[in-house]
Amino acid sequence: MLTDHLPRIRLACLPTPLEELPRLTKALGGPRLYIKRDDQTGLAGGGNKARKLEFSVAEALRQGADTLVTLGGVQSNHCRQTAAAAARCGLRCIVVLRGHAPAASNGNLLLDYLLGAQVVFSGDRTREAVAEDVVREQRAAGHRPHLIPLGASNEIGAVGFAAAIEEIDRQVKEQRLHVDRVVFGSSSYGTQAGLCVGAKAIGFAPQIAAIAIDSTRAEVQAGVAGLAEATSRRLGLTLTVAPDEVVAYDGYLGAGYAVMGEPEKEAISLVARTEGILLDPVYTGRAMAGLIDLIRQGEFGKDETVVFWHTGGSAALFAYADQLLEGKTR
Ligand SMILES: Cc1ncc(COP(=O)(O)O)c(C=O)c1O
Numbered sequence: 005m006l007t008d009h010l011p012r013i014r015l016a017c018l019p020t021p022l023e024e025l026p027r028l029t030k031a032l033g034g035p036r037l038y039i040k041r042d043d044q045t046g047l048a049g050g051g052n053k054a055r056k057l058e059f060s061v062a063e064a065l066r067q068g069a070d071t072l073v074t075l076g077g078v079q080s081n082h083c084r085q086t087a088a089a090a091a092r093c094g095l096r097c098i099v100v101l102r103g104h105a106p107a108a109s110n111g112n113l114l115l116d117y118l119l120g121a122q123v124v125f126s127g128d129r130t131r132e133a134v135a136e137d138v139v140r141e142q143r144a145a146g147h148r149p150h151l152i153p154l155g156a157s158n159e160i161g162a163v164g165f166a167a168a169i170e171e172i173d174r175q176v177k178e179q180r181l182h183v184d185r186v187v188f189g190s191s192s193y194g195t196q197a198g199l200c201v202g203a204k205a206i207g208f209a210p211q212i213a214a215i216a217i218d219s220t221r222a223e224v225q226a227g228v229a230g231l232a233e234a235t236s237r238r239l240g241l242t243l244t245v246a247p248d249e250v251v252a253y254d255g256y257l258g259a260g261y262a263v264m265g266e267p268e269k270e271a272i273s274l275v276a277r278t279e280g281i282l283l284d285p286v287y288t289g290r291a292m293a294g295l296i297d298l299i300r301q302g303e304f305g306k307d308e309t310v311v312f313w314h315t316g317g318s319a320a321l322f323a324y325a326d327q328l329l330e331g332k333t334r
């Protein structure tokens with residue numbers, strides 16, 4: 005196993021299921037669609053961060069930390085899962101969220117509070133600057149804080165997705181599938197860097213194709229290539245992923261990060277009604293909207309087999325209830 009030599013604690017329910025989506029496949033007229041259910045990783049509602057946190061929190065514990073500090077958007081799935089991981093490990097948790105406190109604390113923000121995290125809003129300052137202040141203040145107060153970066157997307161966390169490639173590779177072989185592509189949403193690059201390194205390390209052949217959530221193709225390519233190199237080194241490997249090997253579609257940025265538009269709404273509704281699976285307004289709704297469009301444009305062929313990697317996030321649906329219900333009977 006690629007990660008056998010690295011500190012790891014068990015936080016996620018693994019392996020997550022790899023399931024066929026026959027009704028969605030039919031609704032779109034092909035290709036043959038499968039889904040990798042990382043919305044089922046557990047850890048207070050599932051999501052992709054559980055895989056990274058198994059390594060990030062193990063490293064924090066190895067360094068003797070008593071407090072996890074991390075940062076994200078108001079509806080950060082990463083902060084919610086970090087708060088859950090801290091609770092599971094008997095650690096304190098402080099999450100720094102962008103901007104000002106919203107009028108209602110729902111979705112992931114509600115869960116942050118329920119999970120016992122201290123919530124700090126960055127106001128008009130950057131989250132990074134506020135998080136560094138929090139770390140300094142915690143140290144001065146005699147605590148041992150450990151800062152986990154945005155999305156746990158450094159080489160420590162990204163190895164979780166190299167390990168995930170070994171997991172899906174086993175499932176693809178067991179189910180005797182020929183997969184052409186693996187499609188998912190990419191934001192802070194950790195998921196994608198881990199998947200790319202894992203795929204190259206074990207010779208996993210399907211294309212690793214990201215739908216960019218909030219950055220341009222060139223930004224994704226540079227970000228993933230840089231993080232992939234560090235991730236490879238952490239795994240004790242010397243492989244590199246060149247920017248032009250990184251596949252990213254940036255035509256689905258809509259009106260910006262966390263702004264749900266009609267494509268996301270259509271994707272969320274279609275997947276819910278055909279397969280009984282919940283996506284989210286920020287990441288998986290956008291990633292699925294991109295996949296649907298690429299199928300409709302003929303970029304992904306009808307004879308292919310495509311795995312959609314569900315990275316979680318459905319807790320955020322509740323923060324978008326009014327927009328999701330617009331025009332529908334309540
Ligand atoms: C539900 C969900 N999907 C996808 C992503 C993107 O993962 P990454 O930041 O590793 O690119 C995130 C977090 O950013 C997320 O919360």
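Numbering (our numbering), first residue to last: 5 to 334. From the three backbone atoms N, C-alpha and C, an ideal C-beta is built for every residue, glycine too.
Excluding five sequence neighbours on each side, which residues of the same chain lie with their C-beta closer than 6 Å to the C-beta of residue i?
{"i": "residue 311", "result": "38, 40, 183, 186"}
{"i": "residue 245", "result": "200, 229, 232"}
{"i": "residue 243", "result": "204, 236"}
{"i": "residue 308", "result": "35, 184"}
{"i": "residue 261", "result": "218"}
{"i": "residue 121", "result": "87, 97, 99"}
Cβ atoms of residue j and residue i: under 9 Å apart, would you say?
{"i": "residue 316", "j": "residue 127", "result": "no"}
{"i": "residue 268", "j": "residue 234", "result": "no"}
{"i": "residue 164", "j": "residue 58", "result": "yes"}
{"i": "residue 192", "j": "residue 214", "result": "no"}
{"i": "residue 90", "j": "residue 61", "result": "yes"}
{"i": "residue 217", "j": "residue 291", "result": "yes"}
{"i": "residue 73", "j": "residue 142", "result": "yes"}
{"i": "residue 329", "j": "residue 296", "result": "no"}
{"i": "residue 82", "j": "residue 28", "result": "no"}
{"i": "residue 286", "j": "residue 250", "result": "no"}
{"i": "residue 116", "j": "residue 87", "result": "yes"}
{"i": "residue 150", "j": "residue 63", "result": "yes"}
{"i": "residue 30", "j": "residue 220", "result": "no"}
{"i": "residue 196", "j": "residue 156", "result": "no"}
{"i": "residue 93", "j": "residue 114", "result": "no"}
{"i": "residue 148", "j": "residue 112", "result": "no"}
{"i": "residue 241", "j": "residue 10", "result": "no"}
{"i": "residue 152", "j": "residue 161", "result": "yes"}
{"i": "residue 202", "j": "residue 226", "result": "no"}
{"i": "residue 265", "j": "residue 258", "result": "yes"}
{"i": "residue 208", "j": "residue 313", "result": "no"}
{"i": "residue 276", "j": "residue 110", "result": "no"}
{"i": "residue 95", "j": "residue 135", "result": "no"}
{"i": "residue 75", "j": "residue 131", "result": "yes"}
{"i": "residue 3", "j": "residue 272", "result": "Outside the displayed span of the chain (5 to 334) sits residue 3, for which this structure offers no information."}
{"i": "residue 212", "j": "residue 25", "result": "no"}
Determine which residues share a DSSP beta bridge with residue i and list them.
{"i": "residue 56", "result": "According to DSSP, which records beta bridges pairwise, residue 56 is partnered with nothing at all."}
{"i": "residue 97", "result": "72"}
{"i": "residue 314", "result": "41"}
{"i": "residue 232", "result": "Residue 232 is not bridged to any residue."}
{"i": "residue 201", "result": "Answer is none; residue 201 lacks a bridge partner."}
{"i": "residue 185", "result": "211, 310"}
{"i": "residue 149", "result": "71"}
{"i": "residue 36", "result": "309"}
{"i": "residue 124", "result": "100"}
Are there any heavy atoms of ligand 2 lying less than 8 Å away from the beta-carbon of residue i, as far as the coordinates show?
{"i": "residue 40", "result": "As presented, the structure is devoid of ligand 2, carrying ligand 1 as its sole ligands."}
Counting only C-beta atoms, is residue i closer than 9 Å to chain B at any point?
{"i": "residue 290", "result": "Structure shown: chain B not included; a single protein chain is present."}
By DSSP, does residue i sit in helix, in strand, or in coil?
{"i": "residue 299", "result": "helix"}
{"i": "residue 66", "result": "helix"}
{"i": "residue 190", "result": "strand"}
{"i": "residue 82", "result": "helix"}
{"i": "residue 165", "result": "helix"}
{"i": "residue 222", "result": "helix"}
{"i": "residue 215", "result": "strand"}
{"i": "residue 10", "result": "coil"}
{"i": "residue 23", "result": "strand"}
{"i": "residue 119", "result": "coil"}
{"i": "residue 174", "result": "helix"}
{"i": "residue 253", "result": "strand"}
{"i": "residue 285", "result": "coil"}
{"i": "residue 243", "result": "coil"}
{"i": "residue 353", "result": "The displayed coordinates of the chain run from 5 to 334. Any statement about residue 353 would go beyond what the structure contains."}
{"i": "residue 275", "result": "helix"}
{"i": "residue 304", "result": "coil"}
{"i": "residue 263", "result": "coil"}
{"i": "residue 180", "result": "coil"}
{"i": "residue 140", "result": "helix"}
{"i": "residue 292", "result": "helix"}
Please work out which residues of its chain come closer than 7 Å, Cβ to Cβ, to residue i, disregarding the five sequence neighbours upstream and downstream, and give them in chain order.
{"i": "residue 16", "result": "45, 46, 47, 54, 55, 58"}
{"i": "residue 125", "result": "101, 103, 104, 105"}
{"i": "residue 23", "result": "38, 39, 41"}
{"i": "residue 20", "result": "40, 41, 42, 44, 45"}
{"i": "residue 52", "result": "42, 195, 315, 316"}
Cutting at 8 Å between CB atoms, please list the residues of its own chain near residue i, excluding the five before and the five after it.
{"i": "residue 206", "result": "6, 169, 170, 173"}
{"i": "residue 248", "result": "225"}
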